[in-house]
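Encoded as structure tokens, the structure appears first; notes follow it.
2 protein chains.
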Amino acid sequence: MSATINVNQNILEMEYAVRGPIPQKAAKLKQEGRNIIFCNIGNPQALGQEPMSYYRQIISLLEEPRKIARERALKELFEESTASDLRNDDFIASEILDLSEEILAKTGKGLGAYTESKGYFFVREAIADFINRRDGFAPESGLLADPEQIFLTDGASDGAKRVLDLLIAKETDGVMIPIPQYPLYSATIKMFGGVQVNYYPDEEHDWALNRDALESAYTQAAEEGVNIKAIVVINPGNPTGAILDEGSVHEVIAFAKERGLAIIADEVYQENLYGGEFISFARALGDEKSVALFSLHSISKGFYGECGHRGGYLEVRNTPMVAGTALNFVDLLLKQASVSLCSNTVGQIMTYLMVSPPNGESSVRQQFATEKEEVLGTLYEKAVMVREAFKKMDGVEVFGKTGAMYLFPRLNKLPAGTDDFGYCMALLEETGLCTVNGSGFGLKNHLRIAFLPSKEQLEEVLPRWVEFHNKYVKG
Amino acid sequence: MSATINVNQNILEMEYAVRGPIPQKAAKLKQEGRNIIFCNIGNPQALGQEPMSYYRQIISLLEEPRKIARERALKELFEESTASDLRNDDFIASEILDLSEEILAKTGKGLGAYTESKGYFFVREAIADFINRRDGFAPESGLLADPEQIFLTDGASDGAKRVLDLLIAKETDGVMIPIPQYPLYSATIKMFGGVQVNYYPDEEHDWALNRDALESAYTQAAEEGVNIKAIVVINPGNPTGAILDEGSVHEVIAFAKERGLAIIADEVYQENLYGGEFISFARALGDEKSVALFSLHSISKGFYGECGHRGGYLEVRNTPMVAGTALNFVDLLLKQASVSLCSNTVGQIMTYLMVSPPNGESSVRQQFATEKEEVLGTLYEKAVMVREAFKKMDGVEVFGKTGAMYLFPRLNKLPAGTDDFGYCMALLEETGLCTVNGSGFGLKNHLRIAFLPSKEQLEEVLPRWVEFHNKYVKG
Numbered sequence: 000m001s002a003t004i005n006v007n008q009n010i011l012e013m014e015y016a017v018r019g020p021i022p023q024k025a026a027k028l029k030q031e032g033r034n035i036i037f038c039n040i041g042n043p044q045a046l047g048q049e050p051m052s053y054y055r056q057i058i059s060l061l062e063e064p065r066k067i068a069r070e071r072a073l074k075e076l077f078e079e080s081t082a083s084d085l086r087n088d089d090f091i092a093s094e095i096l097d098l099s100e101e102i103l104a105k106t107g108k109g110l111g112a113y114t115e116s117k118g119y120f121f122v123r124e125a126i127a128d129f130i131n132r133r134d135g136f137a138p139e140s141g142l143l144a145d146p147e148q149i150f151l152t153d154g155a156s157d158g159a160k161r162v163l164d165l166l167i168a169k170e171t172d173g174v175m176i177p178i179p180q181y182p183l184y185s186a187t188i189k190m191f192g193g194v195q196v197n198y199y200p201d202e203e204h205d206w207a208l209n210r211d212a213l214e215s216a217y218t219q220a221a222e223e224g225v226n227i228k229a230i231v232v233i234n235p236g237n238p239t240g241a242i243l244d245e246g247s248v249h250e251v252i253a254f255a256k257e258r259g260l261a262i263i264a265d266e267v268y269q270e271n272l273y274g275g276e277f278i279s280f281a282r283a284l285g286d287e288k289s290v291a292l293f294s295l296h297s298i299s300k301g302f303y304g305e306c307g308h309r310g311g312y313l314e315v316r317n318t319p320m321v322a323g324t325a326l327n328f329v330d331l332l333l334k335q336a337s338v339s340l341c342s343n344t345v346g347q348i349m350t351y352l353m354v355s356p357p358n359g360e361s362s363v364r365q366q367f368a369t370e371k372e373e374v375l376g377t378l379y380e381k382a383v384m385v386r387e388a389f390k391k392m393d394g395v396e397v398f399g400k401t402g403a404m405y406l407f408p409r410l411n412k413l414p415a416g417t418d419d420f421g422y423c424m425a426l427l428e429e430t431g432l433c434t435v436n437g438s439g440f441g442l443k444n445h446l447r448i449a450f451l452p453s454k455e456q457l458e459e460v461l462p463r464w465v466e467f468h469n470k471y472v473k474g
Numbered sequence: 000m001s002a003t004i005n006v007n008q009n010i011l012e013m014e015y016a017v018r019g020p021i022p023q024k025a026a027k028l029k030q031e032g033r034n035i036i037f038c039n040i041g042n043p044q045a046l047g048q049e050p051m052s053y054y055r056q057i058i059s060l061l062e063e064p065r066k067i068a069r070e071r072a073l074k075e076l077f078e079e080s081t082a083s084d085l086r087n088d089d090f091i092a093s094e095i096l097d098l099s100e101e102i103l104a105k106t107g108k109g110l111g112a113y114t115e116s117k118g119y120f121f122v123r124e125a126i127a128d129f130i131n132r133r134d135g136f137a138p139e140s141g142l143l144a145d146p147e148q149i150f151l152t153d154g155a156s157d158g159a160k161r162v163l164d165l166l167i168a169k170e171t172d173g174v175m176i177p178i179p180q181y182p183l184y185s186a187t188i189k190m191f192g193g194v195q196v197n198y199y200p201d202e203e204h205d206w207a208l209n210r211d212a213l214e215s216a217y218t219q220a221a222e223e224g225v226n227i228k229a230i231v232v233i234n235p236g237n238p239t240g241a242i243l244d245e246g247s248v249h250e251v252i253a254f255a256k257e258r259g260l261a262i263i264a265d266e267v268y269q270e271n272l273y274g275g276e277f278i279s280f281a282r283a284l285g286d287e288k289s290v291a292l293f294s295l296h297s298i299s300k301g302f303y304g305e306c307g308h309r310g311g312y313l314e315v316r317n318t319p320m321v322a323g324t325a326l327n328f329v330d331l332l333l334k335q336a337s338v339s340l341c342s343n344t345v346g347q348i349m350t351y352l353m354v355s356p357p358n359g360e361s362s363v364r365q366q367f368a369t370e371k372e373e374v375l376g377t378l379y380e381k382a383v384m385v386r387e388a389f390k391k392m393d394g395v396e397v398f399g400k401t402g403a404m405y406l407f408p409r410l411n412k413l414p415a416g417t418d419d420f421g422y423c424m425a426l427l428e429e430t431g432l433c434t435v436n437g438s439g440f441g442l443k444n445h446l447r448i449a450f451l452p453s454k455e456q457l458e459e460v461l462p463r464w465v466e467f468h469n470k471y472v473k474g
């Protein structure tokens with residue numbers, strides 16, 4: 000063992016509950032042979048969700064492009080043959096073969112070469128088109144997304160980190176984050192040596208944001224000498240799962256404008272809606288030119304859940320100029336990105352596929368639609384199952400229109416001397432259900448559950464949770 | 000446009016020449032229709048190198064696992080058929096199908112789920128086995144690599160950044176880097192607010208390292224108040240391409256031991272040898288327990304050149320304790336990694352394949368060996384072609400045993416009033432050859448060329464370079 004050394008104090012002090020003590024305990028129990036249901040993280044495929052065939056068929060061909068011609072020959076061979084167990088749908092649709100050839104040509108040299116630092120240009124163009132469609136930006140509006148203001152990233156976390164690293168210039172620089180929050184933000188602000196400034200969405204009003212709550216958080220921090228530079232909003236929320244209403248989105252923009260703040264909009268759950276409507280910050284911003292917006296999206300969530308492939312993008316609007324230079328913020332994001340060379344190509348292509356779903360009335364389109372409905376429909380059913388169980392638990396309340404893949408109930412009746420950490424640990428030990436306590440997201444007397452296990456697993460474990468709970472709260 | 004803002008000064012001031020003004024000019028010329036040969040970066044597949052079939056066949060199946068059973072059925076169908084243009088080798092070998100099934104089972108839920116923060120355990124085990132085989136570590140030696148001290152990373156750059164981020168605790172903390180150096184290091188040290196301390200390998204003696212050069216760099220910086228914590232060594236060298244001799248490796252270890260420094264060994268070119276022998280730092284360290292070692296490897300280089308897939312690993316030996324805590328350095332690397340969730344799964348699996356080449360005498364093994372020899376043999380021939388061209392250039396000298404994929408010639412006769420930047424820009428404009436000037440790596444009057452274009456391209460451009468050069472140096 001070497002002598003001791005000093006290390007970056009920010010990393011030493013940083014905390015990250017999603018992979019903290021409770022999941023670590025769960026991993027240990029699992030090693031010991033216990034049946035553990037991992038609801039601590041939004042990792043759908045780990046809990047059995049099937050990937051979208053469309054994505055995987057294309058990636059598979061791009062990794063082994065010689066198969067494209069072979070697949071065409073195989074299909075002919077099959078059509079001439081009669082003596083086989085193979086069925087027509089064991090063969091890849093011509094539409095997929097054609098599309099794979101098209102994408103391969105656009106990459107230039109396939110997936111093994113570094114791309115531009117910002118990512119493949121054709122992917123950034125497709126993202127811009129997606130944003131324009133989603134938000135109804137017509138060419139004459141002057142609001143079209145610009146591929147040069149888009150960066151491909153290794154998941155949305157990577158994009159958030161890049162922006163915060165650049166924004167935090169000195170130790171008095173602060174960033175406002177909602178409480179409860181996804182601990183990526185607290186951890187990253189700490190890592191870059193900035194100040195975390197908490198603001199409080201209104202839990203009992205569907206986690207809405209109102210101007211007073213934003214102002215009072217701002218004013219208090221400013222009085223303490225914090226130079227606030229940006230506000231993070233997560234919509235749909237993590238850990239709350241709540242979909243933000245349009246009024247709240249506009250409140251944030253008006254506030255950011257008045258206070259000269261940039262907005263970091265974490266919109267990775269924009270496809271995970273079960274009823275409510277998603278209003279993007281880009282759309283709500285409209286032609287407001289004085290507020291810088293950094294919006295994040297990812298292939299890890301939605302109905303695709305391709306967490307392991309680490310893909311996502313960052314779109315910048317109204318990029319600010321950098322004081323004392325002729326450069327703007329995006330110029331520096333580019334320099335910063337260039338040191339990492341590029342994000343991984345499979346993640347980039349999956350991002351392309353995410354923003355370019357199949358259209359028309361082909362069988363490919365139909366299969367895609369069926370798979371998508373299946374995933375989102377099942378997620379909704381599972382959210383309802385968990386909500387129903389909460390009704391049977393003494394003093395458990397949950398607020399907000401359900402989005403994302405989480406529920407974040409409040410535990411009103413924890414016995415004196417206990418806390419949410421102890422509750423989640425006991426829940427894990429009793430039932431094998433691994434959740435994360437609210438304090439891990441900055442708000443005590445809560446927990447976050449990702450409603451991702453199979454319905455069968457939920458049917459089995461939820462009654463045991465109800466029983467555990469009602470016993471626990473009796474003390 | 001928003002108002003101006005202040006940003007992280009370190010990122011503002013950082014430089015990164017490999018994607019700097021010369022390549023940017025080259026990209027512009029290319030857009031204008033010029034034929035540009037990109038030798039500014041080690042990006043083999045961008046210049047036509049074929050990926051290893053073995054890697055791609057397996058990844059392709061893992062992305063679309065239903066194909067594994069289908070491939071078996073197809074093979075039967077083909078064997079029964081006579082009327083087809085398909086040949087036996089259009090089908091995937093059973094060995095590959097079996098192996099893909101095995102790997103898929105080891106991943107648990109396939110490539111779409113997040114992995115452990117350190118990466119798949121089975122991949123880390125395979126890396127440990129690879130290190131043990133490479134360095135001849137037997138179980139009884141006490142030197143076996145430990146999977147828990149290994150982290151999968153998105154390319155080696157990612158690993159280097161993580162270590163430097165943790166090591167640099169305050170602005171007087173310094174890291175020694177060789178000059179010339181790969182600008183990842185200067186950029187990253189700057190980014191994390193540390194001090195770059197230059198040391199100078201001996202160019203005219205094959206870029207060897209001697210104790211005096213290390214000591215004088217150390218002493219001078221220490222006198223200026225720098226607290227030096229680590230030394231970076233790149234072997235085989237980048238940009239020099241030179242393979243470090245065994246004596247130099249031992250000199251570094253003795254120096255690091257005496258001065259209490261950690262060693263960061265960038266060994267990503269360990270398979271790119273054309274004559275010389277590679278001595279890993281792990282092997283040279285042997286049972287020396289007082290020197291912390293961080294060694295880096297990558298799928299981007301070698302004979303595989305899978306840059307776009309962003310895979311690699313970091314192995315830690317003799318992890319130091321962190322002052323004032325019960326934690327060691329690896330504990331903090333884990334916490335830091337957890338905030339990024341995990342590196343991309345395809346990069347992880349490719350790293351697995353890199354450390355687990357096929358063995359035995361199967362056709363798969365034979366094809367792999369043939370492809371590997373083809374790539375390395377061609378790289379060697381191309382290095383020789385470029386070296387031969389240098390001999391025809393007035394006042395051009397190149398030193399060291401060729402490794403990696405670079406040559407770094409010294410330009411002895413640049414006319415007064417010119418410099419290597421101007422030379423490389425003029426070379427680009429005259430011939431379309433994009434190189435990077437030596438000053439981009441910290442050493443003027445040099446340039447770096449990646450010898451990756453096809454032999455045909457080199458045959459065409461090298462005579463034009465010779466002509467350009469001999470005219471340029473006449474002034």
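Sequence lines, in order, name chains E and Z. Take the first sequence: its position 355, counted from the start at 1, is 354 in numbering that gives the first Met the number 0, and no numbers get skipped. Take the second sequence: its position 415, counted from the start at 1, is 414 in numbering that gives the first Met the number 0, and no numbers get skipped. Ideal Cβ positions, reconstructed from N, Cα and C, are used throughout, including at glycine. Nothing here was measured: the structure is a model prediction, and the numbers come from that model.
Specify, as a first and last residue, the run of the alpha helix (DSSP H) that residue i falls within.
{"i": "L165(E)", "result": "G154 to L166"}
{"i": "N469(E)", "result": "K454 to Y471"}
{"i": "E184(E)", "result": "Here residue 184(E) is Tyr; the residue named in the question, Glu, does not match the sequence. Per DSSP, Y184(E) belongs to the alpha helix (DSSP H) from P182 to M190."}
{"i": "N515(E)", "result": "Here chain E covers residues 0 to 474 and nothing more, so residue 515(E) does not appear."}
{"i": "D211(E)", "result": "R210 to E222"}
Suppose you measure from the CA of residue i to the CA of residue j; what does that come to, to the nearest Å?
{"i": "M190(E)", "j": "I10(E)", "result": "5 Å"}
{"i": "E222(E)", "j": "E115(Z)", "result": "42 Å"}
{"i": "P179(E)", "j": "D244(Z)", "result": "56 Å"}
{"i": "V287(Z)", "j": "F280(Z)", "result": "Sequence inspection shows Glu at residue 287(Z); the Val mentioned does not correspond to that position. Each residue's Cα considered, the two are about 11 Å apart."}
{"i": "P357(E)", "j": "V6(E)", "result": "49 Å"}
{"i": "D265(Z)", "j": "A155(Z)", "result": "8 Å"}
{"i": "F90(Z)", "j": "K74(Z)", "result": "7 Å"}
{"i": "F420(Z)", "j": "T3(Z)", "result": "32 Å"}
{"i": "M0(E)", "j": "G192(E)", "result": "With a pLDDT of 41 at M0(E), under the threshold of 50, the modelled position of this residue cannot be trusted; read the value that follows with caution. Rounded to the nearest angstrom, the two C-alpha atoms are 30 Å apart."}
{"i": "A283(Z)", "j": "R86(Z)", "result": "49 Å"}
{"i": "V315(E)", "j": "Q148(E)", "result": "5 Å"}
Start and end of the beta strand (DSSP E) containing residue i?
{"i": "M175(E)", "result": "D172 to P177"}
{"i": "Y198(Z)", "result": "V194 to Y198"}
{"i": "K228(Z)", "result": "N226 to I233"}
Run through the DSSP bridge pairs and tell me what residue i is partnered with.
{"i": "F293(Z)", "result": "I263(Z) and V315(Z)"}
{"i": "Y405(E)", "result": "A449(E)"}
{"i": "A241(E)", "result": "T401(E)"}
{"i": "D418(Z)", "result": "In DSSP, D418(Z) forms no bridge with anything."}
Quick check on the burial criterion: 16 or more other C-beta atoms within 10 angstroms. Buried or exposed for residue i?
{"i": "D484(E)", "result": "Only positions 0 to 474 of chain E appear in the structure, and residue 484(E) is not among them; the question remains open."}
{"i": "T350(E)", "result": "buried"}
{"i": "V383(E)", "result": "exposed"}
{"i": "P414(E)", "result": "exposed"}
{"i": "P200(E)", "result": "buried"}
Which residues, in chain order, does the segment 141 to 173 of chain E contribute to contact with chain Z at a C-beta distance below 9 Å? Those residues of the segment 141 to 173 of chain E that come within reach of chain Z (Cβ to Cβ, closer than 9 Å) are D153, G154, S156, D157, K160, D164, L165, L166, I167, A168, K169 and D172.
Against chain E: residues of the segment 290 to 303 of chain Z by CB proximity under 9 Å: Taking 9 Å as the Cβ-Cβ cut-off against chain E, the residues of the segment 290 to 303 of chain Z that qualify are V290, A291, S299 and Y303.
Under 9 Å, CB to CB, which of the residues in the segment 307 to 325 of chain Z have a partner in chain E? Within the segment 307 to 325 of chain Z, the residues whose Cβ lies closer than 9 Å to some Cβ of chain E are G307, H308, R309, G310, N317, T318, P319, M320, V321, A322, G323 and T324, listed in chain order.
Contact residues within the segment 338 to 362 of chain E, judged by C-beta distance below 9 Å to chain Z: Residues of the segment 338 to 362 of chain E with a C-beta atom less than 9 Å from some C-beta of chain Z are V338, S339, L340, C341, S342, N343, T344, V345, G346 and Q347, listed in chain order.
Along the segment 411 to 436 of chain Z, where does the CB come closer than 7 Å to a CB of chain E? Name the residues. Answer set for the segment 411 to 436 of chain Z: empty.
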